[in-house]
Every structure is written in structure tokens, then in C-alpha cells.
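Counting with the UniProt record's numbering, you get residues 1 to 141 for the letters of the sequence shown. Single-structure report; data block below.
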Amino acid sequence: MVGLDRAGKTSILYDMRIGLNNSSTISTMGSNLWVMYSKDCNCIIYVVDSIDRDRIEEASSELFRILEHKEFKSDACLLVFANKQDLPLAMTPDEIAYKMNLNQIKDMQWHVQKCSAITGEGLVQGFEWISETLKKSKKST
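Printed below as a string of C-alpha cells:
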């Protein structure tokens, strides 16, 4: 799981692990270690702060920088968690896909899932999308 700082990665992981929100997280250390762990991964989960309109271009650039490494399996998929949907003025999944130029991604399946790490809304649906996508991919090989 990758994304810009303060996008909600740790909060999502905490929610999925024990079903509780940790409102007192600190910045995750070692955020650039993803390269070591990306080799042969099946899915990239990229977390975006849906209310941070000032950094959506930076989020897009970082995602495409990650995708350039091509260390992933050939049938890897991309899930973008559009986090903080519980807050007013959050960008919609369609708006995020547009602003991040996700339509340029042609070599992998991708999906933008609205979610809230605080309420848990959308998290299960996102992981279900990954599961279904990977199952379909295995059936076609």
C-alpha cells in the first residue's frame, strides 16, 4: 500500500487489521521501501487523499513513477483508494480518475474505490474488487 504522506495508508491498514480506527497515527517511516517489496506483487493499492486538491497532481506523478518500475507481475492490478470520503468537498472517484490521468494506464486493470479509513466505508469493497480481479486473471491464464 503506497501513496503520499497523510493520505490515510496507516489508518486503512489499522482499520482492516482490527476493525478500529487509530486516530493518533504518526507519519510512517521508511516510506520509500516499497521498491524492495514490489517485486512480483499482484496488486498495487494506492491511497489518495480525496480532499487534498492541491496535491492530486503530485499524487498522480508519484503513482506513474511507481508504475514505471515494472517490477510487478504482468497481470497485476491497481486499486486506488479515494480516502476521506466522509469529509465535505471530497473529490469523487471519477474526478480523481480524471485528475490523475488514470485512463492512460493501458497495461493493467485499475479501479478507484471511494472509502473512509475513519468509518470503514468502501474498504471491504475495494479488497473484494482485488480478489475478483485476480480470480478472473488466473482463470484467463
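Ideal placement from N, C-alpha and C gives every residue a C-beta, glycine not left out.
Distance, Cα to Cα, residue i vs residue j?
| i | j | result |
| --- | --- | --- |
| A97 | G3 | 15 Å |
| D75 | A90 | 31 Å |
| S60 | Q125 | 23 Å |
| F72 | T119 | 31 Å |
| residue 142 | Q104 | What is shown of the chain runs 1 to 141, which leaves residue 142 out entirely. |
| D52 | I45 | 18 Å |
| F81 | K139 | 25 Å |
| E121 | C115 | 5 Å |
| L102 | A117 | 22 Å |
| L67 | E128 | 22 Å |
| H111 | Q85 | 16 Å |
Does the Cβ of residue i have 16 or more other Cβ atoms within 10 Å, making it buried, or fewer, making it exposed?
| i | result |
| --- | --- |
| T133 | buried |
| K136 | exposed |
| C41 | exposed |
| D49 | buried |
| P93 | buried |
| L87 | exposed |
Which same chain residues, not among the five before or five after residue i, have their C-beta less than 7 Å away from its C-beta?
| i | result |
| --- | --- |
| T7 | In the sequence as displayed, the identity of residue 7 is Ala instead of Thr. Only V47, V48, D49 and N83 meet the Cβ criterion. |
| M108 | A76, C77 and L78 |
Less than 8 Å between C-beta atoms, sequence neighbours within five positions excluded: which residues of the same chain meet that for residue i?
| i | result |
| --- | --- |
| M100 | V48, I56, A59, S60, L63 and V80 |
| M36 | Reliability fails at M36, whose pLDDT of 49 lies under 50, so the model's placement of it is uncertain and no value is given. |
Which same chain residues, not among the five before or five after residue i, have their C-beta less than 6 Å away from its C-beta?
| i | result |
| --- | --- |
| I130 | C43 and L79 |
Checklist entry - Which runs of the alpha helix (DSSP H) spanning at least 4 residues fall entirely within the segment 47-76, listed in chain order? => result 56-68
Next on the checklist: So within the segment 70-118, which uninterrupted beta strand (DSSP E) runs reach at least 3 residues, ignoring any that extend past its ends?
Outcome noted: 77-83 and 110-114
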